[in-house]
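Protein chains: 2
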Amino acid sequence: MITILMHHNAYARMARDLAARMDRVRVVTMDREGLFHLQPGGEPVETPAPDVVYGSLDAWFQPKARAFIEGAMAAPRLRWFQSSSAGLDMPIFQQFGAKAEIFTSCHVQSEAMAEWALWQGLDFFRGGPRHRAQQARREWGRFDTREICNSNWLIIGFGSIGAAVGGRVRALGGRVTGVRRSGGTAPEADAIHAEVRPQDLASADVVLVCLPHSPQTAGMADAAFFAGMAEGALFLNLGRGTLVNEADLIAGLDRGKPAFAALDVTLIEPLPADSPLWSHPKVAITPHDSAHTPGTYRRTDALLLANLDRYLAGEPLANVQPKSRFA
Amino acid sequence: MITILMHHNAYARMARDLAARMDRVRVVTMDREGLFHLQPGGEPVETPAPDVVYGSLDAWFQPKARAFIEGAMAAPRLRWFQSSSAGLDMPIFQQFGAKAEIFTSCHVQSEAMAEWALWQGLDFFRGGPRHRAQQARREWGRFDTREICNSNWLIIGFGSIGAAVGGRVRALGGRVTGVRRSGGTAPEADAIHAEVRPQDLASADVVLVCLPHSPQTAGMADAAFFAGMAEGALFLNLGRGTLVNEADLIAGLDRGKPAFAALDVTLIEPLPADSPLWSHPKVAITPHDSAHTPGTYRRTDALLLANLDRYLAGEPLANVQPKSRFA
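Taken in order, these protein sequences are the chains called A and B.
Each residue of the first sequence is one higher than the last, beginning at 107 in the working numbering.
Each residue of the second sequence is one higher than the last, beginning at 107 in the working numbering.
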């Protein structure tokens, strides 16, 4: 019998699936008030003492996130932590990665994030801001817009997010150049290179960065990078705010390169109220919620259940991250 | 030797292609001032007297559209009119269809229009208005949004536009039900029905109408139609403004069905400045420009050239419309 700790919302979605495993799994949930309960039934539990923690998105983005983390970190022996994220660099993931015997990541957020990239690409190509400004003025003014079809996308960082975007762009008739250190080929890209080539940067209609944070990637989108982009191109960030030098981005936007930027991540999150990004007419900000869809919850739950069955059967789990990745 | 009349912009795009056919084709262009010229060279021409008219989008959406129409309609014998549109109901198309010996339509606008539908679908699913309102308030507020993946689309009118939308939605993981009188099956839809079934209307996350105008389709989207939609669903119109009872649409939006409407066409175009649609918080208006992309120009030009070669070879043209469709 193992004890798994999860947020009440995750339990509510998976109650039937978990009921079928109740002979081997004890489920402890945390409710909206930060209190712990044994499920099913809801008997109060003082100390969750989990063997396994399911860190679904519900657990983090709510007022009692700290209670969940403390309950999880107080486990005498944490055997396995299932993350809902691909990233390992956030402090809580580093903390759980150091404590848990097994840390498994999750790459399904890329599906929802890829639709964010299409959304931002289409809103830019279709003249979303100009159409909305015209509507606000009650002005019927036709103008030419652009298509994803035949557009060039440079995707820097070609892991699960980059591939999810690339596959969709190609399905819509766009051309995709991916960048990843290992090079090679991928069905979701027309070409893959091991580094950002100036000619690819200069011919891209859309440049998407979706690299993880590291000392090597920090500040990679700087003045020289933006100056190397094409006229009229869009810059997207689905990776980490640290990838972008925000002062250089604003200076670039004011010179027209990039023509527009859509950012789901910023250097400081939440983005401070006095940041000039908020009100820049060529910037769209979303609050790091590109992955927050019911589809993401459903896909993440499915991974947890599949990994749970592997765990119970003594089989190797999917997406195990080596201990060396946690400081 | 035949004389073809086209707008100067169309000639500029196709000058090289047309040069290769100059032994059999005399090209007359109309410039921005509404004056006619023989090409290449630009020698002024008093009366274009065309055998063939290329009605590209450039010809209509410019201040001298009337001069183009008059020059074209003054032809002693108009052998062939190549339209840039799929629709036949606009007055100028009826006029050219009645005059020309052969009228050929064009269905390539559907490609650009399909991306409009994805754009509007994503902006709705992704909470575009709410995200933009938050940004205007400098507020970092995560919220859950939706995906095209696993969404249900009901596409009423499954001709070239419907199929172009359906194929893209399916490529992104959505489910497509198409409606067309002839029924049957289509690779761009999961199911096709001969009429709008209440259960399909009630389970669609997005309802797109892209029917032509006719006495049968006029006002089909009325109070009963909107009442039959699902909570939280989006209504899109890429067909004709006459399909929609606009008073019923506004009443429906105020009751929450549909949850939002995006319209590229309106009953009266340009939409009058006093229309309540302009300022309705649940309405996005684009000025009938969903097809206006460089891709559309390029694809329409390619059809003109292919049909021109067929014409010169005495072969049947593509997309010939029967005389009976013009009053």
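Backbone N, C-alpha and C fix where the C-beta goes; we use that ideal spot for every residue, glycine too.
Note that this is a predicted model, so its numbers are computed, not measured.
Members of the region 245-261 of chain A that neighbour chain B once the beta carbon cut-off is set at 7 Å: Going along the region 245-261 of chain A in chain order, one finds Trp246, Gly247, Arg248, Phe249, Asp250, Thr251, Arg252, Glu253, Ile254, Cys255 and Asn256 with a Cβ nearer than 7 Å to chain B.
Residue-level contact to chain A via CB, Ala310 (chain B), 8 Å cutoff: As a first step, residue 310 (chain B) must be located in the second sequence, where it is residue number 204. Judged by the 8 Å Cβ criterion, Ala310 (chain B) is not in contact with chain A.
contact_flag[the region 279-288 of chain B, the region 228-236 of chain A] where n(CB pairs < 8 Å) is 3 or more: Short answer: they don't touch.
Under 8 Å between C-beta atoms of Ala218 (chain A) and Thr399 (chain A): As a working mapping, residue 218 (chain A) is identified with position 112 in the first sequence. As a working mapping, residue 399 (chain A) is identified with position 293 in the first sequence. Yes, they are a contact pair.
Segments assigned beta strand (DSSP E), at least 3 residues, entirely inside the region 231-262 of chain B: 258-262
3-residue-minimum beta strand (DSSP E) runs that sit fully inside the region 297-381 of chain B, ordered along the chain: 297-299, 312-315, 340-343 and 366-369
Cross-chain neighbours of Ile435 (chain A) in chain B, by beta carbon under 7 Å: Beyond the ends of chain A as shown, which are 107 and 433, falls residue 435 (chain A); an answer cannot be given.
Integer-rounded CB distance, given that Gly345 (chain A) should sit under 8 Å from Gly263 (chain A): In the first sequence, counting from the first residue as 1, residue 263 (chain A) sits at position 157. In the first sequence, counting from the first residue as 1, residue 345 (chain A) sits at position 239. Indeed they touch by this definition, with Cβ atoms about 6 Å apart.
Runs of beta strand (DSSP E) lying entirely within the region 124-197 of chain B, each at least 3 residues, in chain order: 131-136, 142-145, 149-151, 158-161 and 186-189
At least three beta-carbon pairs within less than 8 Å, the region 317-333 of chain A to the region 347-363 of chain A: yes
Buried versus exposed call for Pro169 (chain B) [16 or more other C-beta atoms within 10 Å across all chains shown]: Stepping through the second sequence from its first residue, residue 169 (chain B) is reached at position 63. Flag for Pro169 (chain B) reads exposed.
Three-state class that DSSP yields for Gly272 (chain A) in the structure shown: For the purposes of this step, residue 272 (chain A) is taken as residue 166 along the first sequence, with counting starting at 1. Helix.
Near the ligand FAD: Met179 (chain B) beta-carbon under 7 Å from a heavy atom: Questions concerning the ligand FAD fall outside what the structure shown contains, since it holds no ligand whatsoever.
Chain-ordered residues of the region 146-179 of chain A with a beta carbon less than 7 Å from chain B: Per Cβ criterion, the list reads Phe167.
Within 8 Å, strictly: CB atoms of Tyr160 (chain B) and Gln201 (chain B): As a working note, residue 160 (chain B) is residue 54 in the second sequence. As a working note, residue 201 (chain B) is residue 95 in the second sequence. Not a contact, by the Cβ cut-off of 8 Å.
Closer than 8 Å to chain A by CB, His394 (chain B): Residue mapping note: residue 394 (chain B) aligns to position 288 of the second sequence, counting from 1. Output row for His394 (chain B): interface = yes.
Gly420 (chain B) - DSSP class collapsed to helix/strand/coil: Position 314 of the second sequence, counted from the start, is the residue given in the question as residue 420 (chain B). Correct three-state label for Gly420 (chain B): coil.
Whole-angstrom distance between Pro304 (chain B) and Thr291 (chain B), CA atom to CA atom: In the second sequence, residue 291 (chain B) corresponds to position 185, counting from 1. In the second sequence, residue 304 (chain B) corresponds to position 198, counting from 1. Roughly 20 Å separates the two Cα atoms.
Residues of its chain near Gly272 (chain A), where Cβ-Cβ distance is below 8 Å and the 5 sequence neighbours each way are ignored: Here residue 272 (chain A) is taken as the residue at index 166 of the first sequence, counted from 1. Cβ neighbours of Gly272 (chain A) beyond the five flanking positions: Trp259, Ile261, Phe264, Val282, Gly284, Ala292, Glu294 and Ala295.
Under 8 Å between C-beta atoms of His143 (chain A) and Thr392 (chain B): As a first step, residue 143 (chain A) must be located in the first sequence, where it is residue number 37. As a first step, residue 392 (chain B) must be located in the second sequence, where it is residue number 286. For His143 (chain A) and Thr392 (chain B), no; Cβs fall outside 8 Å.
Sub-8 Å separation of Trp186 (chain B) and Ala206 (chain B) beta-carbons: Counting from 1 along the second sequence, the entry for residue 186 (chain B) is found at position 80. Counting from 1 along the second sequence, the entry for residue 206 (chain B) is found at position 100. Closer than 8 Å, so yes.
Distance, Thr372 (chain A) Cα to Gly193 (chain A) Cα: Residue numbering aside, residue 193 (chain A) sits at position 87 when the first sequence is read from its first letter. Residue numbering aside, residue 372 (chain A) sits at position 266 when the first sequence is read from its first letter. Roughly 15 Å separates the two Cα atoms.
Contact the region 108-118 of chain A vs the region 130-150 of chain A: 3+ CB pairs below 8 Å: yes
Best match in B:Phe209, B:Trp222 and B:Ala155 for proximity to Ala368 (chain B) [C-alpha to C-alpha]: Stepping through the second sequence from its first residue, residue 368 (chain B) is reached at position 262. Nearest C-alpha to Ala368 (chain B): B:Trp222.
Contact set for Ser309 (chain A): own chain, Cβ-Cβ below 7 Å, skip 5 residues either direction: Locating residue 309 (chain A) in the first sequence gives position 203, where the first residue counts as 1. Excluding sequence neighbours, Ser309 (chain A) sits near Asn258 and Ala336.
Residues bridged to Gly284 (chain A) [DSSP beta-bridge criterion]: Here residue 284 (chain A) refers to the residue found at position 178 of the first sequence. According to DSSP, Gly284 (chain A) bridges with A:Ile261 and A:Ile298.
Counted within 10 angstroms of its Cβ, other Cβ atoms place Met326 (chain B) as buried (16 or more) or exposed: Counting from one through the second sequence, the residue named residue 326 (chain B) turns up at place 220. Burial call: buried.
8 Å Cβ cutoff, Leu78 (chain B) in contact with chain A: Residue 78 (chain B) cannot be examined here, being either before or after the span of chain B that is shown, 107 to 433.
Positions along the region 211-225 of chain A whose CB lies within less than 8 Å of some CB in chain B: For chain B, the residues of the region 211-225 of chain A that bring a beta carbon within less than 8 Å of one of its beta carbons are Glu217, Ala218, Glu221, Trp222, Leu224 and Trp225, in chain order.
Own chain residues within Cβ distance below 6 Å of Val434 (chain B), not counting five before or after: This structure cannot speak to residue 434 (chain B), because chain B is shown only from 107 to 433.
Closest residue to Phe174 (chain A) among A:Gly358, A:Val426, A:Ala412 and A:Gly140 (Cα-Cα distance): Here residue 174 (chain A) refers to the residue found at position 68 when the first sequence is read from its first residue. Among A:Gly358, A:Val426, A:Ala412 and A:Gly140, the Cα nearest to that of Phe174 (chain A) is on A:Gly140.
Close beta carbons around Phe386 (chain B), own chain, < 7 Å, minus the five adjacent residues each side: Looking up residue 386 (chain B) in the second sequence gives position 280. It should be pointed out that residue 386 (chain B) corresponds to His in this sequence rather than to Phe. Once the five neighbours on either side are set aside, the close Cβ partners of His386 (chain B) are Ile356 and Leu359.
When A:Pro146, A:Leu224, A:Pro321 and A:Ile108 are compared against Ala181 (chain A), the one with the closest alpha-carbon: Here residue 181 (chain A) is taken as the residue at index 75 of the first sequence, counted from 1. Checking every option, the nearest Cα to that of Ala181 (chain A) belongs to A:Ile108.
Separation of Val158 (chain B) from Ala424 (chain B), as counted between CA atoms: The residue you call residue 424 (chain B) lines up with position 318 of the second sequence. The residue you call residue 158 (chain B) lines up with position 52 of the second sequence. For Ala424 (chain B) and Val158 (chain B), the distance between alpha carbons rounds to 15 Å.
Contact under 8 Å by Cβ, Phe341 (chain A) with Val313 (chain A): For the purposes of this step, residue 341 (chain A) is taken as residue 235 along the first sequence, with counting starting at 1. For the purposes of this step, residue 313 (chain A) is taken as residue 207 along the first sequence, with counting starting at 1. Yes, they are a contact pair.
Cβ pair Leu278 (chain B), Ile298 (chain B) closer than 8 Å: Residue 278 (chain B) sits at position 172 when you count from the first residue of the second sequence. Residue 298 (chain B) sits at position 192 when you count from the first residue of the second sequence. No, Cβ-Cβ distance for Leu278 (chain B) and Ile298 (chain B) is not below 8 Å.
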